[in-house]
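Visitor:
In mature numbering (1 follows the signal peptide of the UniProt record, and there is no 0), the protein residues as written are -21 to -1, 1 to 456.
Next up, the structure:
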């Protein structure tokens, strides 16, 4: 995710980081107790797949109808399933196609479902929820203009058609989707979106079908690789879809589908920001290893909002459409979507490496990467800094997360050299994209020690844990 309106490189011009709103509640003992969002998720619940069908009858309004079937597994005994949900009115709930009791606690933002019988560890089930109405509101009070996380509506105005999309990081997905809304529970997705004829829907994954009916079109997308809930992208507009040539940067040299979605009024200079996407994919795959998904592209939206690394289809506002931002969001497909922070205080691992990709791109274009790092160091010296693991929501996307996080990787590169650093990054992605697909700060530090030795770990640990800013690391001199 990138901050809006002002580049993070702007010296002394940074706005306060947005603080995601949190419902007032006393977290239940069965939540995941994330240090930043203790109310999210449920211990013992593993959602493997979401099969989601959204119907948008009037694009540009906040009204939506949804039917979602969760394929879930219990990892401990459970008598209830408690999903995060601050969404529209729930109309029906079924457990393996059988109606079951449920309750909605709006204050706690929880949908509680009682299965026909208690779940034993390893039990699997299909849980279906039907809902319709207006998604809940989680407002970000520090954004320059009012911003609701989750389901976004762009009203029709001045001849422009209405549109919708989602902007969910960190905790907005459960405003429109009943979910285990925590990055530690990644899942695959099948997303169907029904819209009026003439509109185009897009979502994370590879498009697998389109059905035109009387007055509507339904688009289907398959996200086959697990992603965190916040990375699910859904878009509705009168898009112009641009299909590019596939790029052979996937696993085993497999082709990655390339497609972009532009509103009809997209200016030429905005589209120009994405003409080197294939080049960036090739460069980053050289550093990070094969691209981890089956498709990549951007969906451009019109409001002045942050860019976001929605999986396989980055959300790119018109005002944030720059080449450097585009590279940042591509890098997030590896760091954030394939290798996901285990808890929200670990978000520096994804934002720091995505920011560092901007330096790698600068070097690729013949620029001075060390000078780029020096600007980060000067920014942090001027603004002040902190240890990297965030302790409150307002620190999640601040200067330290991005630029101190990036300099931490720069320090590792300076310690071990370019060739070993490249090998480290590729091994890091391979190790932590497997299994749960998550990484914590302690696990990262242990991996540094394993791959690069105790001296490298000590160097990195200073950047991660000390309050004082270490000296600028020097690479290539």
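Note that beta-carbon positions come from the ideal geometry of N, C-alpha and C, so glycine has one too.
Would residue 30 and residue 144 be called neighbours here (beta carbons separated by less than 9 Å)?
Guide: The count along the chain shown starts at 1 and reaches residue 30 at position 51. The count along the chain shown starts at 1 and reaches residue 144 at position 165. Not a contact, by the Cβ cut-off of 9 Å.
Visitor: In the region 170 to 253, which residue ranges form an unbroken alpha helix (DSSP H) of at least 4 residues, counting only runs that do not cross its ends?
Guide: Runs of the alpha helix (DSSP H) lying entirely within the region 170 to 253, each at least 4 residues long, are 247 to 251 in chain order.
Visitor: Just to confirm before moving on: does the CB-CB distance between residue 91 and residue 117 stay below 9 Å?
Guide: Within the chain shown, residue 91 is the residue found at index 112, counting from 1. Within the chain shown, residue 117 is the residue found at index 138, counting from 1. Going by C-beta atoms, residue 91 is not nearer than 9 Å to residue 117.
Visitor: May I ask you to list the residues that DSSP assigns as paired with residue 28?
Guide: As a working mapping, residue 28 is identified with position 49 in the chain shown. The partner list for residue 28 (beta bridge, DSSP) reads 50 and 167.
Visitor: Excluding five sequence neighbours on each side, which residues of the same chain lie with their C-beta closer than 6 Å to the C-beta of residue 127?
Guide: Locating residue 127 in the chain shown gives position 148, where the first residue counts as 1. Once the five neighbours on either side are set aside, the close Cβ partners of residue 127 are 116 and 118.
Visitor: Excluding sequence positions up to five away, which residues of its chain have a Cβ less than 7 Å from the Cβ of residue 393?
Guide: Your numbering for residue 393 matches position 414 in the chain shown. Counting only residues of its own chain and dropping the five nearest sequence neighbours on each side, residue 393 has a CB closer than 7 Å to the CB of 452, 453 and 454.
Visitor: Just the C-alpha distance for residue 324 and residue 201, rounded to the nearest angstrom, thanks.
Guide: Residue 324 sits at position 345 when you count from the first residue of the chain shown. Residue 201 sits at position 222 when you count from the first residue of the chain shown. Whole-angstrom Cα-Cα distance: 30 Å.
Visitor: Of the residues 42, 165, 413 and 303, which one's Cα is nearest the Cα of residue 259?
Guide: Taking the chain shown and counting its residues from 1, one reaches residue 259 at position 280. If you compare the alpha carbons of 42, 165, 413 and 303 with that of residue 259, the shortest gap goes to 303.
Visitor: Which residue's Cα is closest to the Cα of residue 353: 338, 344, 77 and 199?
Guide: Within the chain shown, residue 353 is the residue found at index 374, counting from 1. Answer by Cα proximity: 338.
Visitor: Going by DSSP, name the residue or residues bridged to residue 89.
Guide: Locating residue 89 in the chain shown gives position 110, where the first residue counts as 1. Answer by DSSP bridge pairing, in chain order: 63 and 84.
Visitor: Going straight from the alpha carbon of residue 106 to that of residue 20, what length do you get?
Guide: Numbered from its first residue, the chain shown carries residue 106 at position 127. Numbered from its first residue, the chain shown carries residue 20 at position 41. Roughly 16 Å separates the two Cα atoms.
Visitor: Is residue 11 near the ligand FAD, with its Cβ less than 8 Å from a heavy atom?
Guide: With respect to the ligand FAD, the structure shown offers nothing to examine, as it has no ligands at all.
Visitor: Could you spell out the range, first to last residue, of the alpha helix (DSSP H) harbouring residue 129?
Guide: To locate residue 129, count along the chain shown from 1; it is residue 150. Run containing residue 129: none in the alpha helix (DSSP H); it sits in the beta strand (DSSP E), 126 to 133.
Visitor: Is it true that the CB of residue 203 sits closer than 9 Å to the CB of residue 184?
Guide: One-based indexing of the chain shown puts residue 184 at position 205. One-based indexing of the chain shown puts residue 203 at position 224. It is a contact, given that the beta carbons lie within the stated cut-off.
Visitor: Check residue 283 in the structure and name its three-state DSSP category.
Guide: Your numbering for residue 283 matches position 304 in the chain shown. Reduced to three states, the DSSP call for residue 283 is coil.
Visitor: Compare the beta carbon distance of residue 79 and residue 109 with 9 Å and say whether it is the shorter of the two.
Guide: Residue numbering aside, residue 79 sits at position 100 when the chain shown is read from its first letter. Residue numbering aside, residue 109 sits at position 130 when the chain shown is read from its first letter. Taking 9 Å as the Cβ cut-off, residue 79 and residue 109 do not qualify as a contacting pair.
Visitor: If you count every other CB in all the chains shown that lies within 10 Å of the CB of residue 101, and 16 or more means buried, which is it?
Guide: The residue you call residue 101 lines up with position 122 of the chain shown. So residue 101 counts as exposed.
Visitor: Taking the alpha carbon of residue 164 as the point to measure from, which residue in 179, 209, 175 and 197 has its own alpha carbon closest?
Guide: Looking up residue 164 in the chain shown gives position 185. When only C-alpha atoms are compared, the closest one is 209.
Visitor: Does the region 128 to 138 touch the region 347 to 365, meaning 3 or more C-beta pairs lie closer than 8 Å?
Guide: no
Visitor: For the candidate residues 288, 387 and 189, whose alpha-carbon lies nearest to that of residue 198?
Guide: On the chain shown, residue 198 is found 219 positions in, with the first residue counted as 1. Checked all of 288, 387 and 189; the closest Cα to residue 198 is 189.
Visitor: For the structure I just gave you, are there three or more beta carbon pairs, one from the region 220 to 237 and one from the region 373 to 388, closer than 8 Å?
Guide: Contact fails: fewer than three Cβ-Cβ distances are below 8 Å.
Visitor: Take residue 180 as the anchor and find which of 410, 305 and 278 has the nearest alpha-carbon.
Guide: By one-based count along the chain shown, residue 180 stands at place 201. Nearest of 410, 305 and 278 to residue 180, Cα basis: 278.
Visitor: Suppose only complete runs of 3+ residues qualify. What are the beta strand (DSSP E) ranges in the region 275 to 359, listed by chain order?
Guide: Fully contained in the region 275 to 359 are the following beta strand (DSSP E) runs of length 3 or more, in chain order: 277 to 280 and 293 to 296.
Visitor: Take residue 40 as the anchor and find which of 46, 140, 24 and 76 has the nearest alpha-carbon.
Guide: As a working mapping, residue 40 is identified with position 61 in the chain shown. Residue 40 has its Cα closest to that of 140, out of 46, 140, 24 and 76.
Visitor: Helix, strand or coil: which one does DSSP assign to residue 373?
Guide: Counting from one through the chain shown, the residue named residue 373 turns up at place 394. Helix at residue 373.
Visitor: Which runs of the alpha helix (DSSP H) spanning at least 4 residues fall entirely within the region 401 to 455, listed in chain order?
Guide: 420 to 431 and 433 to 444
Visitor: Which whole-angstrom value describes the C-beta separation of residue 65 and residue 24, a residue pair presumed to lie in contact below a C-beta threshold of 8 Å?
Guide: To locate residue 65, count along the chain shown from 1; it is residue 86. To locate residue 24, count along the chain shown from 1; it is residue 45. So it is not a contact: roughly 18 Å between Cβ atoms.
Visitor: Per DSSP, residue 22 forms a beta bridge with which residues?
Guide: Locating residue 22 in the chain shown gives position 43, counting from the first residue. Per DSSP, none; premise fails for residue 22.
Visitor: Please list the terminal residues of the continuous beta strand (DSSP E) segment that includes residue 73.
Guide: Against the chain shown, residue 73 aligns to sequence position 94. Note, residue 73: beta strand (DSSP E), 68 to 74.
Visitor: Can you name the start and end residues of the alpha helix (DSSP H) that residue 391 belongs to?
Guide: Start at 1 with the first residue of the chain shown, and residue 391 comes out as number 412. 384 to 395 is the extent of the alpha helix (DSSP H) around residue 391.
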